[in-house]
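If you're matching positions, the sequence shown starts at 16 in full-length UniProt numbering and goes up one per residue. Even glycine gets a Cβ: it sits at the ideal position worked out from N, Cα and C. Nothing here was measured: the structure is a model prediction, and the numbers come from that model. Report on the structure given below.
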Amino acid sequence: AKAALGRRNLVFIGLMGAGKSAVGRMTAAALGIPFIDSDHEIERVSRMTISELFAAYGEEEFRALETRVIKRLLNTGPRVVSTGGGAYINERTRRHIKKQGLSIWLNAELDVLWERVNKRDTRPLLKTENPKQTLENLMHARYPIYAEADLTVISRDVKKEVMVEEVLA
Ligand code: S3P
């Protein structure tokens with residue numbers, strides 16, 4: 016699988032709570048290539064948390080920074096990159112991902128996502144009156160776009176190893 020990748024990147028996309036970072040990290044370890052989480056990289060270069068960036072500059076500025084960071088990460092492949100849930104939805108970022116990566120959508124049902132995000136509240140987009148409803152609205156808006164991914168893996172309550180095997184196969 017590693018040889019087949021060449022210099023291309025494996026890019027995990029999907030909603031918050033789908034398991035992009037966890038499955039991405041394990042896939043990278045299995046392939047023996049570097050793993051990076053784009054949100055962590057954004058936090059590292061800006062020296063701010065994602066919540067602070069949203070609060071200080073707004074979503075539009077965050078997306079512009081996200082596009083630049085992801086473009087740079089993809090330029091030095093092969094890597095496994097896990098992206099924030101909105102990255103692939105942004106047209107410019109999506110173009111970079113399509114050009115320099117194979118995308119893998121971790122597709123999960125609402126209850127699976129909710130179960131995972133509901134415990135942490137670091138997501139600025141879910142600071143709403145009804146976060147579960149917000150998550151559901153995001154599913155409806157985004158799933159048709161995530162569906163353009165090269166590969167779709169259902170993210171469900173199985174061992175993460177099972178999903179990694181699916182990706183590698
Ligand atoms: C976002 C998802 C977050 C983070 C930001 C915006 C989104 O990443 O990038 O809060 O638009 O869905 P995760 O998907 O890693 O939670």
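Secondary structure within the stretch 83–128: the alpha helix (DSSP H) runs of 4 or more consecutive residues, fully enclosed, are 106–115 (chain order). Comparing alpha carbon positions, the residue from Gly39, Asn24 and Ala18 closest to Glu181 is Gly39. The alpha-carbon separation between Tyr161 and Leu25 amounts to approximately 15 angstroms. The DSSP-derived three-state label of Asn133 is coil. If you compare the alpha carbons of Ala43, Thr167 and Ser97 with that of Ile57, the shortest gap goes to Ser97. Annotation: the stretch 19–52 contains the following complete segments of the alpha helix (DSSP H) (minimum length 4 residues), in chain order: 35–46.
Where Leu166 is concerned, the enclosing beta strand (DSSP E) starts and stops at Leu166 to Ile169.
Leaving aside the five residues that flank Ser66 on each side, the residues in its chain whose CB is nearer than 7 angstroms to its CB run, in chain order, Thr137 and Pro139. Not one heavy atom of the ligand S3P falls within 6 angstroms of the beta-carbon of Leu150.
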